[in-house]
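Peer 1: Below is one structure. I have some questions about it.
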Amino acid sequence: MEDKYILLATCSDKVGITSLITNIISQYDSNILHLDHFTEYGHAQDADGKLYLRFEFNKVPLVKEALEKTLSENDIEFNLFDNSHKTKIALFVSKEDHAFNEVLLRVKRGEIPAEIVCVVSNHENNRHFAETFNIPFYYVPSNNAKDLVEKDILDICAKHEIELIVLAKYMQILSDHFVSQYPNQIINIHHSFLPSFIGANPYKQAWERGVKLVGATSHYVTSDLDEGPIIDQDVTRITHRYNVQDLRKIGRHVESSVLAQAVEYHVQHKVIVTKGNKTIVFN
Numbered sequence: 001m002e003d004k005y006i007l008l009a010t011c012s013d014k015v016g017i018t019s020l021i022t023n024i025i026s027q028y029d030s031n032i033l034h035l036d037h038f039t040e041y042g043h044a045q046d047a048d049g050k051l052y053l054r055f056e057f058n059k060v061p062l063v064k065e066a067l068e069k070t071l072s073e074n075d076i077e078f079n080l081f082d083n084s085h086k087t088k089i090a091l092f093v094s095k096e097d098h099a100f101n102e103v104l105l106r107v108k109r110g111e112i113p114a115e116i117v118c119v120v121s122n123h124e125n126n127r128h129f130a131e132t133f134n135i136p137f138y139y140v141p142s143n144n145a146k147d148l149v150e151k152d153i154l155d156i157c158a159k160h161e162i163e164l165i166v167l168a169k170y171m172q173i174l175s176d177h178f179v180s181q182y183p184n185q186i187i188n189i190h191h192s193f194l195p196s197f198i199g200a201n202p203y204k205q206a207w208e209r210g211v212k213l214v215g216a217t218s219h220y221v222t223s224d225l226d227e228g229p230i231i232d233q234d235v236t237r238i239t240h241r242y243n244v245q246d247l248r249k250i251g252r253h254v255e256s257s258v259l260a261q262a263v264e265y266h267v268q269h270k271v272i273v274t275k276g277n278k279t280i281v282f283n
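Next up, the structure:
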């Protein structure tokens with residue numbers, strides 16, 4: 001894997017921003033490997049639009065420091081990443097294993113450039129999968145007081161220096177306090193029938209209504225349940241011939257792929273969360 005830096009930047013759109021950045025990179029004999037940008041209009045505070053940028057460029061001495069100085073001086077919001085660092089992931093799971101194993105196997109195959117450093121679960125069902133890959137498995141039952149449970153989990157995450165939490169069908173609602181410890185660093189998956197089919201057994205509810213699409217949505221977790229910034233979505237078309245079991249089977253496939261894709265976008269630093277609770281995804 002080529003050593004490179006990845007820059008995500010946001011500012012009010014104006015002439016010269018892109019050239020400002022490219023000139024700094026070129027001054028240090030760093031080659032730009034990829035450049036993507038998007039201007040969004042409609043922000044009242046930015047009549048000229050909001051500019052979002054993503055650069056990949058060769059890792060060379062001093063370019064990082066020079067860029068950080070220039071961007072700060074020009075009031076450009078930014079994050080600068082070194083791709084040699086693999087994001088440390090904690091996988092949270094309950095009983096279902098489909099989304100959990102999809103992320104686990106894609107990481108192990110090298111398709112997602114990250115490291116799963118621990119698994120947290122309120123059930124023992126998936127312990128053997130984690131132990132197969134020598135990943136520490138922490139069983140934290142949910143029958144204790146919620147604040148104590150979450151304290152234990154936060155201690156585990158701190159111990160492993162977690163940078164991203166992936167809720168792979170972890171069937172517990174996280175408190176506002178917990179979520180606040182990892183802003184835009186917790187990714188969840190749910191079926192796209194929400195909010196039309198909320199509560200228990202959504203696939204049965206969907207079947208009873210004769211739905212024609214089965215889908216899933218991955219998003220960052222916020223204090224507003226299932227309303228965080230959306231990272232990825234997908235759907236599969238179905239017909240009246242599908243029964244409830246068919247819907248569940250197809251739903252598992254869609255949930256798994258959408259969650260894994262969202263994790264991949266995040267660890268490849270392709271996502272910018274806007275102040276309007278949206279995402280810009282350079283996919």
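Position 15 of the sequence shown, counting from 1, maps to 15 under the UniProt record's numbering, and the rest follow consecutively.
By construction, the Cβ of each residue, glycine as well, lies at the ideal position given by its N, Cα and C atoms.
Tell me which residue opens and which closes the alpha helix (DSSP H) that residue 107 is part of.
Peer 2: Per DSSP, residue 107 belongs to the alpha helix (DSSP H) from 98 to 108.
Peer 1: With DSSP run on the structure shown, which of helix, strand or coil describes residue 10?
Peer 2: strand
Peer 1: What ranges does the alpha helix (DSSP H) occupy inside the stretch 106 to 174, keeping only unbroken runs of at least 4 residues that lie completely in it?
Peer 2: 127 to 132, 146 to 159
Peer 1: What would DSSP say about residue 256, mapped onto helix, strand or coil?
Peer 2: Note: residue 256 maps to helix in three-state DSSP.
Peer 1: Could you give the distance in angstroms between the alpha-carbon of residue 197 and the alpha-carbon of residue 92?
Peer 2: 24 Å
Peer 1: Which class does residue 211 belong to by DSSP, given the choice of helix, strand or coil?
Peer 2: In this structure, DSSP gives residue 211 a state outside helix and strand, which the three-state scheme calls coil.
Peer 1: Assuming residue 166 contacts residue 263 under a Cβ cut-off of 8 Å, what Cβ separation, rounded to an integer in Å, is found between them?
Peer 2: Yes, they are in contact, since the Cβ atoms of residue 166 and residue 263 sit about 6 Å apart, within 8 Å.
Peer 1: Suppose the cutoff is 6 Å on Cβ atoms and the five residues either side in sequence are ignored; what does the same chain contact list for residue 56 look like?
Peer 2: The beta carbon of residue 56 lies closer than 6 Å to those of 4, 6, 33, 34 in the same chain, with the five residues before and after it left out.
Peer 1: When DSSP builds the beta bridges, which residues end up paired with residue 55?
Peer 2: 7, 35
Peer 1: Report yes if the CB atom of residue 270 is closer than 8 Å to the CB atom of residue 54, and no otherwise.
Peer 2: yes
Peer 1: If you drop the 5 nearest sequence neighbours on each side, which residues of the same chain put their C-beta closer than 8 Å to that of residue 142?
Peer 2: 122, 149, 172
Peer 1: Could you give the distance in angstroms between the alpha-carbon of residue 249 and the alpha-carbon of residue 257?
Peer 2: Here the alpha carbon of residue 249 sits roughly 13 Å from the alpha carbon of residue 257.
Peer 1: Between residue 72 and residue 259, what straight-line distance do the alpha-carbon atoms span, to the nearest angstrom?
Peer 2: The alpha-carbon separation between residue 72 and residue 259 amounts to approximately 34 Å.
Peer 1: When you compare the stretch 61 to 69 with the stretch 126 to 142, are there three or more beta-carbon pairs, one atom per stretch, that lie closer than 8 Å?
Peer 2: no
Peer 1: Confirm the yes/no value for this check: CB of residue 145, any heavy atom of the ligand ZN, distance under 7 Å.
Peer 2: Within the structure as shown, the ligand ZN is missing, as the structure has no ligands at all.
Peer 1: Going by alpha carbons, who is nearest to residue 58 out of 38, 52, 30, 75?
Peer 2: 30
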